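In terms of our numbering, the sequence shown opens at residue 634 and continues consecutively. We treat Cβ as the ideally placed atom computed from N, Cα and C, and that holds for glycine. On a predicted model such as this, the values are computed, not experimentally measured, just so you know. Everything below concerns the one structure shown next.
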Amino acid sequence: MAKTDYFIYEKDPQKRIARLTFNRPEQMNFIKWEDMQALNPLLREIEKDDDVKVLIVKGAGECFGAGADLTGLGTTTVHFSRDPKAPRPTVRERLFEEKDCFSDYTDKLSQSYLFHFAKATIAQVHGYCYGFHFGFAQSCDITIASEDALFTHPAFRYITGEQPLGVWLQEMGSKKYMEMVLTGRPFDAWEMEKMGCVNKVVPRERLDDEVNEMAEVIAKKPIELLVVEKHLVDCLKAMKNDLAAPNLVAALAHCAATHMKAEPGDFLVLKEVSQKGEKGAIDVRESRYPPKYRLSYKGRAAKE
Numbered sequence: 634m635a636k637t638d639y640f641i642y643e644k645d646p647q648k649r650i651a652r653l654t655f656n657r658p659e660q661m662n663f664i665k666w667e668d669m670q671a672l673n674p675l676l677r678e679i680e681k682d683d684d685v686k687v688l689i690v691k692g693a694g695e696c697f698g699a700g701a702d703l704t705g706l707g708t709t710t711v712h713f714s715r716d717p718k719a720p721r722p723t724v725r726e727r728l729f730e731e732k733d734c735f736s737d738y739t740d741k742l743s744q745s746y747l748f749h750f751a752k753a754t755i756a757q758v759h760g761y762c763y764g765f766h767f768g769f770a771q772s773c774d775i776t777i778a779s780e781d782a783l784f785t786h787p788a789f790r791y792i793t794g795e796q797p798l799g800v801w802l803q804e805m806g807s808k809k810y811m812e813m814v815l816t817g818r819p820f821d822a823w824e825m826e827k828m829g830c831v832n833k834v835v836p837r838e839r840l841d842d843e844v845n846e847m848a849e850v851i852a853k854k855p856i857e858l859l860v861v862e863k864h865l866v867d868c869l870k871a872m873k874n875d876l877a878a879p880n881l882v883a884a885l886a887h888c889a890a891t892h893m894k895a896e897p898g899d900f901l902v903l904k905e906v907s908q909k910g911e912k913g914a915i916d917v918r919e920s921r922y923p924p925k926y927r928l929s930y931k932g933r934a935a936k937e
């Protein structure tokens with residue numbers, strides 16, 4: 634099993650159920666680039682383990698996960714320079730970097746790998762489910778959420794989204810997906826259930842029991858049948874969504890977004906992170922929106 638401090642992996646060979654926990658609770662389970670790259674080797678080993686039929690994915694602490702760690706934004710993925718005096722790259726240079734990034738994303742990172750993962754996957758979501766973690770939960774076969782769960786991608790407010798854009802569009806429907814893109818508003822668990830993106834919504838105190846019950850029922854299925862059925866459905870989904878096309882779309886969108894000419898008052902994420910740090914940048918981003926459109930519980934509870 635690949636080594637990383639970010640993930641806790643446990644399995645019950647008798648029940649043939651495994652659990653993978655995002656484990657950075659003191660930072661809302663923010664995930665770093667190196668953590669993302671370490672995840673697929675873990676998934677490959679789990680996939681080949683005949684002691685496992687079902688994989689439950691959850692977050693430690695008070696949330697499933699709040700997305701990527703902004704401290705490495707740009708510098709570790711598409712090699713942005715934080716030096717304000719650095720020459721601005723050409724559009725073609727940016728596009729080449731973005732295509733490499735999203736090709737790497739598809740080959741190595743878990744959201745894409747989950748599309749054809751051979752075992753059943755259940756996302757056990759509570760609290761924030763943002764950014765990377767939102768994509769991960771959407772890529773699981775089944776999502777069971779607590780009543781306090783919130784879903785969105787913060788990047789829609791400053792640099793547009795990422796692969797798997799096409800899958801999210803198909804899962805959410807064009808109208809609701811467009812609302813999330815244009816506003817960045819977190820959708821609650823009930824909205825996600827209504828769209829078919831969440832299978833079941835339960836009180837927080839019942840979440841473990843509901844997920845365990847679902848996993849135990851699925852684990853009764855013969856492993857050969859489970860693997861064949863998973864691949865059959867995943868092939869049909871891939872044919873419907875054309876999983877290759879969103880990589881190029883996302884690369885073009887990121888390239889365009891990073892070359893946008895800013896107007897006075899625009900939120901520039903790299904500038905804010907460089908000047909104020911990650912927390913300061915998040916505070917600035919939150920303050921720009923009315924309470925019901927904010928991402929944090931504290932911000933959403935504030936008065937107008």
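- Beta-bridge partners of C762 (DSSP): G698 and F784.
- Judged by beta-carbon spacing, F697 lies within the 7 Å limit of H766, meaning their Cβ atoms are closer than that value.
- Contact between the stretch 748–761 and the stretch 771–778 is present, with at least three C-beta pairs closer than 8 Å.
- Residue pairing by DSSP places R652 opposite E643 and I689 in a beta bridge.
- Taken atom to atom, the span from the alpha-carbon of L802 to that of N656 is near 29 Å.
- Shown here, V835 sits in a strand according to DSSP, grouped into three states.
- According to the DSSP assignment, A914 belongs to the alpha helix (DSSP H) that extends over V902 to S920.
- Counting only the Cα atoms, K853 lies some 13 Å from V860.
- Taking a cut-off of 8 Å on C-beta distances, the stretch 837–853 touches the stretch 634–650, as three or more cross pairs fall below it.
- Each of D684, N673 and E667 was checked against the Cα of D645, and the nearest Cα belongs to D684.
- Judged by DSSP in its simplified three-state form, D867 adopts helix.
- Under DSSP, no beta-bridge partner is assigned to I856.
- When the five nearest sequence neighbours on each side are left out, the beta carbons in the same chain lying within less than 6 Å of the beta carbon of F789 are those of V814 and G817, in order along the chain.
- By the CB criterion at 7 Å, A822 and Y761 fall outside the cutoff.
- The beta carbon of E896 lies closer than 7 Å to none in the same chain, with the five residues before and after it left out.
- Shown here, T754 sits in a strand according to DSSP, grouped into three states.
- According to the DSSP assignment, S807 belongs to the alpha helix (DSSP H) that extends over S807 to T816.
- S929 sits in coil when the DSSP states are folded into three classes, being neither helix nor strand.
- Under DSSP, T637 forms no beta bridge with any residue.
- Following the DSSP letters along the chain, one finds A671 inside the alpha helix (DSSP H) bounded by residues W666 to K681.
- The Cβ neighbour count for K894, taken over all protein chains shown within 10 Å, is under 16; the residue is labelled exposed.
- Assigned with DSSP and collapsed to three states, I792 falls in coil, not helix or strand.
- It is roughly 15 Å from the alpha-carbon of D916 to the alpha-carbon of K925.
- Taking the C-beta atoms as reference points, E919 is found nearer than 7 Å to R927.
- Beta-bridge pairing by DSSP links F663 to no other residue.
- In this structure, L783 is the residue among L840, L858 and L783 with its C-alpha nearest to the C-alpha of C830.
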